[in-house]
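Numbering-wise, the working numbering puts 91 at position 91 of the sequence shown, and it's gapless, one number per residue.
Take a look at the structure below.
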Amino acid sequence: MNLTDTHSHLYAKEFKDDLDESIQRCLDDGVERIFLPNIDLESIEPMLALEEAYPSNCFAMMGLHPCSVKENFEKDLSLIKDWLTKRDFAAIGEIGIDLYWDSSLLKQQQTAFIKQIEWAKELKKPIIIHTRNSFNEIFEILDDLNDDHLSGIFHCFSGNIEQATRAIDYGNFWLGIGGVLTFKNAGLDHVVKDIDLSRLVLETDSPYLAPTPYRGKRNESSYLKLIATKLAEVKNVSLEEIAQITTANSKKIFGR
Numbered sequence: 001m002n003l004t005d006t007h008s009h010l011y012a013k014e015f016k017d018d019l020d021e022s023i024q025r026c027l028d029d030g031v032e033r034i035f036l037p038n039i040d041l042e043s044i045e046p047m048l049a050l051e052e053a054y055p056s057n058c059f060a061m062m063g064l065h066p067c068s069v070k071e072n073f074e075k076d077l078s079l080i081k082d083w084l085t086k087r088d089f090a091a092i093g094e095i096g097i098d099l100y101w102d103s104s105l106l107k108q109q110q111t112a113f114i115k116q117i118e119w120a121k122e123l124k125k126p127i128i129i130h131t132r133n134s135f136n137e138i139f140e141i142l143d144d145l146n147d148d149h150l151s152g153i154f155h156c157f158s159g160n161i162e163q164a165t166r167a168i169d170y171g172n173f174w175l176g177i178g179g180v181l182t183f184k185n186a187g188l189d190h191v192v193k194d195i196d197l198s199r200l201v202l203e204t205d206s207p208y209l210a211p212t213p214y215r216g217k218r219n220e221s222s223y224l225k226l227i228a229t230k231l232a233e234v235k236n237v238s239l240e241e242i243a244q245i246t247t248a249n250s251k252k253i254f255g256r
């Protein structure tokens, strides 16, 4: 069984004491591919160090997280762009809009999101979209910019069936399904059951959003198996089929 975690911050400080052990637990549970989204300028070094240590298992992305978009975001973006010209990355991410904590920088977040979408098109890379409390704002931008050259993942999808359908209808986008699927009253299981497996990928968002029974504790990529098991239950298929299809989907997205 080969599972793919399409979104994990395993390089975060929460893993500084047991990173190698955490990676080994992933491999023991069949999680053989882990995609690492960038957050800000400070996260680049530990992310690339993890990729270098596990080149067959960990794959770095590059982008500026919406919560990292501050007043000086244009300077940060220029440094992100420099990295994209230096070497290859699996995707542009994690990018998007986050209105959960603060809406005062919406205009700056929109500008940063649009600019990074343009880079993704130029480089023919998928985008990893952060949509917390911002589906309408995300859709407004994608309605203008989506074309055959744009693809990616709606990271940590927890929306309703209408939002899921709209995301998929862009043509080259998938839904990233994580620990929220296992939450008793989240309702994501009712949405996912009506979405074809060909449009789904798995993720943990480690160290955040740990699945049941670890909810509220540190998440890690080895817990992806719990999410895959729940998806198998919702879809009434085997765990092996979930692993095969979602990993194939991830390879289609990332080209690796």
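Note that beta-carbon positions come from the ideal geometry of N, C-alpha and C, so glycine has one too.
Does the distance from the C-beta atom of residue i to that of residue j stay below 9 Å?
i, j, result
"H130", "D98", "yes"
"T204", "G187", "no"
"S222", "R25", "yes"
"I168", "I141", "no"
"I161", "H190", "yes"
"L226", "T212", "yes"
"A164", "P126", "no"
"N136", "S151", "no"
"P46", "H65", "no"
"R132", "Y100", "yes"
Determine the burial state of residue i: buried for a count of at least 16 other Cβ atoms within 10 Å of its Cβ, exposed for fewer.
i, result
"T85", "exposed"
"E51", "buried"
"G216", "exposed"
"S8", "buried"
"G176", "buried"
"I253", "buried"
"S104", "exposed"
Whole-angstrom Cβ separation of residue i and residue j, contact assumed at under 8 Å?
i, j, result
"L3", "L202", "7 Å"
"I128", "I95", "7 Å"
"G63", "I80", "7 Å"
"Y68", "I39", "One point to set straight first is that residue 68 is Ser, not Tyr, in the sequence displayed. Their Cβ separation, rounded to whole angstroms, is 6 Å, which keeps S68 and I39 in contact under 8 Å."
"A232", "L239", "5 Å"
Could you say which of the options lies nearest to residue i if we only look at CA atoms?
i, options, result
"R199", "K184, I242, Y214", "I242"
"V31", "R218, A228, W83, T111", "A228"
"S22", "L142, N57, N133", "N57"
"K251", "I34, E240, L181, Y54", "I34"
"F113", "W83, E74, F157", "E74"
Pull up the DSSP beta-bridge partners for residue i, would you.
i, result
"I129", "I95, F154"
"G176", "V201"
"F59", "F35"
"S206", "S8"
"L3", "V31"
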